[in-house]
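Undergrad: First the structure, which I've put down as structure tokens, then a few questions once you've had a look.
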Amino acid sequence: PTVELRQRKKPKSSENKESAKEEKINDTPVPERAPKHILFQRFAKIFIGCLAAVTSGMMYALYLSAYHERKFWFSNRQELEREITFQGDSAIYYSYYKDMLKAPSFERGVYELMHNNKTVSLKTINAVQQMSLYPELMASVLYQATGSNEIIEPVYFYIGIVFGLQGIYVIALFVTSWLMSGTWLAGMLTVAWFIINRVDTTRIEHSIPLRENWALPYFACQVAALTGYLKSNLNSYGERFCYLLMSASTYTFMMVWEYSHYLLFLQAISLFLLDSFSLEQSDKVHEVYKIYIFSLFLGYLLQFENSALLVSPLLSLVVALMLAKCLQLNVKKGTFVARIMKVINFYLVCTLTVTLNIIMKMFVPHKENGHMLKFLEVKFGLNMTKNFTMNWLLCQESLQAPSQDFFLRLTQSSLLPFYILVLIICFLSMIQVIFRRINDKSLKETVTLEDGRIGERPEIIYHVIHTILLGSLAMIIEGLKYLWTPYVCMLAAFGVCSPELWMTLFKWLRLRTVHPVLLALILSMAVPTIIGLSLWKEFFPRLMTELMELQEFYDPDTVELMTWIKRQAPVAAVFAGSPQLMGVIKLCTGWMVTSLPLYSDDDLLKRNENIYQIYSKRSAEDIYKILTSYKASYLIIEDAICNEVGTTRGCRVKDLLDIANGHVVCGEGDKLTYSKHGRFCHEVKINYSPYVNYFTRVYWNRSYFVYKINTVISFQS
795 PTVELRQRKK
805 PKSSENKESA
815 KEEKINDTPV
825 PERAPKHILF
835 QRFAKIFIGC
845 LAAVTSGMMY
855 ALYLSAYHER
865 KFWFSNRQEL
875 EREITFQGDS
885 AIYYSYYKDM
895 LKAPSFERGV
905 YELMHNNKTV
915 SLKTINAVQQ
925 MSLYPELMAS
935 VLYQATGSNE
945 IIEPVYFYIG
955 IVFGLQGIYV
965 IALFVTSWLM
975 SGTWLAGMLT
985 VAWFIINRVD
995 TTRIEHSIPL
1005 RENWALPYFA
1015 CQVAALTGYL
1025 KSNLNSYGER
1035 FCYLLMSAST
1045 YTFMMVWEYS
1055 HYLLFLQAIS
1065 LFLLDSFSLE
1075 QSDKVHEVYK
1085 IYIFSLFLGY
1095 LLQFENSALL
1105 VSPLLSLVVA
1115 LMLAKCLQLN
1125 VKKGTFVARI
1135 MKVINFYLVC
1145 TLTVTLNIIM
1155 KMFVPHKENG
1165 HMLKFLEVKF
1175 GLNMTKNFTM
1185 NWLLCQESLQ
1195 APSQDFFLRL
1205 TQSSLLPFYI
1215 LVLIICFLSM
1225 IQVIFRRIND
1235 KSLKETVTLE
1245 DGRIGERPEI
1255 IYHVIHTILL
1265 GSLAMIIEGL
1275 KYLWTPYVCM
1285 LAAFGVCSPE
1295 LWMTLFKWLR
1305 LRTVHPVLLA
1315 LILSMAVPTI
1325 IGLSLWKEFF
1335 PRLMTELMEL
1345 QEFYDPDTVE
1355 LMTWIKRQAP
1365 VAAVFAGSPQ
1375 LMGVIKLCTG
1385 WMVTSLPLYS
1395 DDDLLKRNEN
1405 IYQIYSKRSA
1415 EDIYKILTSY
1425 KASYLIIEDA
1435 ICNEVGTTRG
1445 CRVKDLLDIA
1455 NGHVVCGEGD
1465 KLTYSKHGRF
1475 CHEVKINYSP
1485 YVNYFTRVYW
1495 NRSYFVYKIN
1505 TVISFQS
């Protein structure tokens, strides 16, 4: 009987399972197809929005090209005069692009860059790794593979790619604001604010080939894809597309900029906090962590085993988050134990991150920008130094706190007031949602416009945290404003165009005189329209005036110097001078130099400090020994540095050298200590002994004095 009973139960259980499945299928609502006119409206909205985004990007790229032409009169210049417009480290990047085009093959060009001994004297460098030359490699490949050498000059192709990337940058910001607000009007307002405030949103006008100008467009694409990926109502196809775009853009961003992992570290912190506040998106957030790990290890392998990626805080944080997830216990949500576990998990992640980073730095040999840590110590007053390089960095305008002019410009364009308003509303709404979760209050699965809870959307929480982190850093170092201000434009435009934000505000104000939903919809259209019209009236004439003005880059002294070097200097000559000038010499002439305007290598920083001694109060014999130790054969004195008067006193190169050499007693005002030697750059021009024994003047003009370093010398004082 028992056997019979078991045999009867088996078919009964299978029948129950099948019936339960049938009931579940019957209970799930079948999505009804939307009417044709609604589908047409959606298609028209998406089509117009995409057209507006692409048009905005193309117009911005064309605007940059036209402005660059007007500023430098580029098309009417000779090749040498065009190359002089690349200043500092930009000249180095473009010079390697030229070297790749001159190489007999791509493989040979890459090999020569990886074993480069023709740039810096007595030093063989892997230029691809040390200077992140992947953009130049790709640009040279595209130029030759597309047959552009028969259509366009190399310099136009190079800067055209950068301007095109800036157009993609604008499109990505447009799409991000559109995804958050639901209307492409927010994207148009984002682009308008970005262009009007371009002095504070991008450095493309000052230096085209900067690594950030290549990298930040990819980061903007990654942020746009991440925004779409975090949305709750995204279908599987859209989710997959966002994931693939996010993976590709994250890896590309990491490859083209050596500091990219620090920015991704801030993003990972934002996602970690989002994961703590918004439990529904935990799986998606951990998928993003996997993208980080994949990009880090792939970048490590393809960047010649770059140890900086292994010891980066990003890897330590992501690994700590993965380990913390594995150690999490399944505890019923809302209970006191669950809250305690949240706190423990937060503490565990922070402790593991620091511990793992220390362990990695102990076992992995690395040179992770030690000068950056020293700079931060001095910046925050944790240490004092007389070191020339540290004090020179502290004097750079981009590394100081933002000036009042920065905030004034953002206020005049109405960007800053609206950003603060949007940030406050979103932040308070986010805090409100967090307290609801702590108190275990039920939250709706789908938030409607009437609910007025904009802080429940995970993509909003992420952007609020991310912009606060970036803004905090921008308040300390002005150069970081170029990371923060574009997202200020995006967040402010999203907020004023979002009915949900206005509805959240009206819920708090308990507005009853007018229907709040209707008023929110009206304001989300009226406010951006009014802002757009006012911006058009005030700033559009200025933009047109800039394009109409024909400026001219006039630097005849530098042109004469480069011409003399190419005609008179021996091929084996090595030039010494300021790093900025050495970059231009390397680009325009191809001659070897003693230093480069790069600040991520300790050896180059030490070289720069030693070569700068030509502007200090040291003897001719000391300067001669320094220069010959680097096999220099020619010395170039710049009158602008030797007689510098324009910058803040104490931040001039000669002042910093006096402090480093002990010629100024710190803490006693400007009292000078005794020095039996005059300033070298002044004394060498007088042509008296012992200077004429070491150096022979061979060329000079109004700005530059060139001296041949004598090879046979009898040292005498």
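Just so you know, my numbering puts 987 at position 193 of the sequence shown, and the rest follows in order with no gaps. Think of the CB as a built atom: it goes at the ideal place given N, C-alpha and C, for glycine as much as any other residue.
Would you mind stating whether I1515 and L1295 have Cβ atoms separated by less than 8 Å?
TA: A question about residue 1515 goes unanswered here, because the residues of the chain that appear run from 795 up to 1511.
Undergrad: Of all the options L1337, L1109, Q872, which has the alpha carbon lying nearest to the alpha carbon of A1062?
TA: Nearest of L1337, L1109, Q872 to A1062, Cα basis: L1109.
Undergrad: By Cβ distance below 7 Å, which residues in the same chain neighbour P1373 in space, the five residues on each side in sequence not counted?
TA: Cβ within range, chain order: S1389, L1390, P1391, N1402.
Undergrad: Quick check: what's the CA-CA separation for T1298 versus V1311?
TA: Using only the alpha carbons, I get a separation of about 10 Å.
Undergrad: Indicate whether S1068 and F957 have their beta-carbon atoms separated by less than 8 Å.
TA: Per the sequence shown, the amino acid found at residue 1068 is Leu instead of Ser. In this structure, F957 does not lie closer than 8 Å to L1068 by Cβ.
Undergrad: Is the CB-CB distance between V985 and Y861 below 8 Å?
TA: Contact: no.
Undergrad: Unbroken alpha helix (DSSP H) runs of length 4 or more, entirely within the region 847-890: which are they?
TA: DSSP runs (the alpha helix (DSSP H)) wholly in the region 847-890: 873-878.
Undergrad: Do you know how far the Cα of T1357 is from the Cα of L874?
TA: Cα-Cα distance, rounded: 9 Å.
Undergrad: Using C-beta distances below 7 Å, list every residue in its chain close to A1454, excluding the 5 sequence neighbours before and after it, in chain order.
TA: Same-chain partners within the cutoff: K1180, N1181, F1182.
Undergrad: Output the residue ranges of the alpha helix (DSSP H) runs that lie fully inside the region 1144-1222 and measure 4 residues or longer, sorted by chain position.
TA: As far as the region 1144-1222 is concerned, its whole alpha helix (DSSP H) runs of at least 4 residues are 1164-1173, 1182-1189, 1198-1206.
Undergrad: Rounded to the nearest angstrom, what separates S1328 and I989 at their Cα positions?
TA: Each residue's alpha carbon lies about 15 Å from the other.
Undergrad: On the CB-based measure, 16 or more other CB atoms within 10 Å of its CB, does C1475 come out buried or exposed?
TA: C1475 is buried by the Cβ-count criterion.
Undergrad: Between Y1485, F900, F1369, N1437, which lies nearest to E1415 when the distance is taken from Cα to Cα?
TA: The candidate whose alpha carbon is nearest that of E1415 is Y1485.
Undergrad: Look at F1201 and E1272 and say whether their C-beta atoms are less than 8 Å apart.
TA: Their beta carbons are not under 8 Å apart, which means F1201 does not touch E1272 by this criterion.
Undergrad: Closest to M1447 by C-alpha separation, out of L983, M1184, M974, would be which residue?
TA: The residue asked about is misnamed: residue 1447 is Val in this sequence, not Met. Nearest of L983, M1184, M974 to V1447, Cα basis: M1184.
Undergrad: Candidates G1289, S1192, S942, M1154: which alpha carbon is nearest P1211's?
TA: Measuring from the Cα of P1211, the nearest candidate turns out to be G1289.
Undergrad: Kindly identify the DSSP beta-bridge partner or partners of Y1428.
TA: F1369, K1502.
Undergrad: Can you name the residues that DSSP bridges to R1491?
TA: DSSP lists Y1501 as partners of R1491.
Undergrad: Of all the options I1254, G1246, Y1086, which has the alpha carbon lying nearest to the alpha carbon of F1071?
TA: Residue I1254 is the option with its Cα nearest to F1071.
Undergrad: Take V1439 as the anchor and find which of D1449, I1430, H1471 has the nearest alpha-carbon.
TA: Ranking the options by Cα distance to V1439, first place goes to D1449.
Undergrad: Taking P768 and A980 to be in contact with their CB atoms under 8 Å, please state how far apart those CB atoms are, rounded to whole angstroms.
TA: The shown model of the chain, from 795 to 1511, leaves out residue 768, and the question about it has no answer.
Undergrad: Report the residue from E1081, E1052, Y1053 whose alpha carbon sits nearest the alpha carbon of F1066.
TA: Ranking the options by Cα distance to F1066, first place goes to E1081.
Undergrad: Measure the Cβ-Cβ separation of G1472 and I1430 and say whether it is below 8 Å.
TA: No, Cβ-Cβ distance for G1472 and I1430 is not below 8 Å.
Undergrad: Below 8 Å on the Cβ atoms is my guess for S915 versus K1425; work out the distance and round it to an integer in Å.
TA: At roughly 5 Å, the Cβ-Cβ gap stays under 8 Å, so S915 and K1425 are in contact.
Undergrad: Taking buried to mean at least 16 other C-beta atoms within 10 Å of its own C-beta, is S884 buried or exposed?
TA: The residue is buried, with at least 16 neighbouring Cβ atoms inside 10 Å.
Undergrad: Using the rule of at least 16 other Cβ atoms within 10 Å of the residue's Cβ for burial, across every protein chain shown, is L1020 buried or exposed?
TA: That one is buried.
Undergrad: For the putative contact between G851 and I998, defined by C-beta atoms under 8 Å, what is the C-beta separation to the nearest angstrom?
TA: Incorrect: roughly 14 Å between the Cβ atoms, too far for contact.
Undergrad: What ranges does the alpha helix (DSSP H) occupy inside the region 948-979, keeping only unbroken runs of at least 4 residues that lie completely in it?
TA: Segments of the alpha helix (DSSP H) lying fully in the region 948-979: 948-975.
Undergrad: Just the Cα atoms here: how many angstroms apart are T1422 and A1366?
TA: Each residue's Cα considered, the two are about 14 Å apart.
Undergrad: Nearest to P1364 by CA position, among M1376, Y1428, A1118, is which residue?
TA: Among M1376, Y1428, A1118, the Cα nearest to that of P1364 is on Y1428.
Undergrad: From the DSSP secondary-structure annotation, give me the bridge partner or partners of M1386.
TA: BP columns for M1386 point to V1368.
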